[in-house]
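The sequence shown begins at 39 in the numbering used here and counts up by one.
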Amino acid sequence: MSIVGGRIEVAGLMDLLKLPKQGEVFDLDPGRWPGMPIWAGHPPFQVLTYRSPRGIRVDGDQDWLAPEINSANIGLISEMMIATNHSGSHVDALGHICSGADDEWSGGRASEDLGDFGVLKGDAASIVPFITRGVMVDIPAYLGVPQLEAHYPISLEEFLGAAKAQNVEVRENDVVFVRTGMMAGWPDPERLALTAGAGITRPIAEYCASKKVRAVGADTEGCEVMPSIIEGNPHPVHETLLVKNAIHIMENIYLEELASEHVHEFLFIGLPLKIRGATGSMMRPIAIT
39 MSIVGGRIEV AGLMDLLKLP KQGEVFDLDP GRWPGMPIWA GHPPFQVLTY RSPRGIRVDG
99 DQDWLAPEIN SANIGLISEM MIATNHSGSH VDALGHICSG ADDEWSGGRA SEDLGDFGVL
159 KGDAASIVPF ITRGVMVDIP AYLGVPQLEA HYPISLEEFL GAAKAQNVEV RENDVVFVRT
219 GMMAGWPDPE RLALTAGAGI TRPIAEYCAS KKVRAVGADT EGCEVMPSII EGNPHPVHET
279 LLVKNAIHIM ENIYLEELAS EHVHEFLFIG LPLKIRGATG SMMRPIAIT
């Protein structure tokens, strides 16, 4: 994929544009701010003022804002963001998870493709924008509970049962979202803890891979059940999807409004930023019905 623009090939685009029937747009992004909930393996999200009107006047280093040529008193405010690209709703690039003695990921390995400025292969810049069919499988609704318990492992039988009950058919190139109900507590840490760690298991990942989906996502910070229920492998779902099948993972996706209106099929649009070397990208995902 070109880093400087170009055309994007979207298979079946004209048919995809026929998916919406109601003309409603659902925002699937829970937002980002300093102090927001974030997984302990990532740095905290920070937005810091970099330049301010008063600071510029004191420093006097911006000639174009000098008082003698700025009778309108135009000011400038800019900021600096310190964060991981895995903040808020985001998509994992293929280079996010590695395995094996040489730390290999789909299409790359650390000994050859990991530099001081990020991964050289499988980075966020290589992720093709998501303009595709999206489906949402609501596990709590199927089980008759408001949300799953913390560290609840979703079985393949439950996933397939919920999909059937909700008339969800998983197809090639879909983005498949699995709801646990965790976002019902966002951003209260105590409420989030009630569902934290609930997620899909490896058989679900293998099933989605067999259907050749584009991505699998969830309303949690890890998508898969944590801690892992497979001894010796702390991230079997990530390994199955990212490493073995080159299928992206989306996390922290806000699914509550889709669930409340029983929406299970939609046109999904998610546009990752083209950041070279990044192992993922923040997104502003939307569902159009």
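For glycine and all other residues, C-beta sits at the position ideal for the given N, C-alpha and C.
In the DSSP assignment, the residues bridged to residue 152 are 157. Of the candidates 106, 301, 259, 284, 301 places its Cα closest to the Cα of residue 205.
The region 231–239 makes contact with the region 178–189: 3 or more CB pairs, one atom from each, lie closer than 8 angstroms. For residue 197, the enclosing alpha helix (DSSP H) stretches over residues 194–203.
Note that the C-beta distance between residue 156 and residue 308 is not below 8 angstroms. The beta carbon of residue 160 sits closer than 7 angstroms to the beta carbons of 131, 132, 133, 143, 144, 145, 146 from its chain, once the five residues preceding and following it are set aside; these are given in chain order.
Contact between residue 165 and residue 310 holds: their C-beta atoms lie close to 4 angstroms from each other, under 8 angstroms. By the neighbour-count definition (other C-beta atoms within 10 Å, threshold 16), residue 195 is an exposed residue. In the displayed model, residue 259 falls within coil according to three-state DSSP, outside both helix and strand. With a threshold of 16 other beta carbon atoms within 10 Å, residue 210 falls short and is exposed. Apart from the 5 residues on each side of it in sequence, residue 203 sits with its Cβ closer than 6 angstroms to the Cβ of 180 in its chain, given in chain order. Judged by DSSP secondary structure, residue 213 falls within the beta strand (DSSP E) whose first and last residues are 213–217. Following the DSSP letters along the chain, one finds residue 119 inside the beta strand (DSSP E) bounded by residues 116–120. For secondary structure counted as the beta strand (DSSP E) over 3 or more consecutive residues, the region 121–149 holds these complete runs in sequence order: 128–130. With a 10 Å radius around the Cβ and a threshold of 16 neighbouring Cβ atoms, residue 53 comes out exposed. Residue 89 places its beta carbon 8 angstroms or farther from that of residue 51.
Scanning 220, 251, 228 for the CA closest to the CA of residue 207 turns up 251.
Per the Cβ contact rule, the region 274–293 is in contact with the region 251–263 (3 or more Cβ pairs under 8 angstroms). The shortest C-alpha to C-alpha distance from residue 312 to any of 304, 64, 321 is the one to 321. Distance check between residue 293 and each of 61, 249, 227, 176 places 176 closest, using alpha-carbon atoms only.
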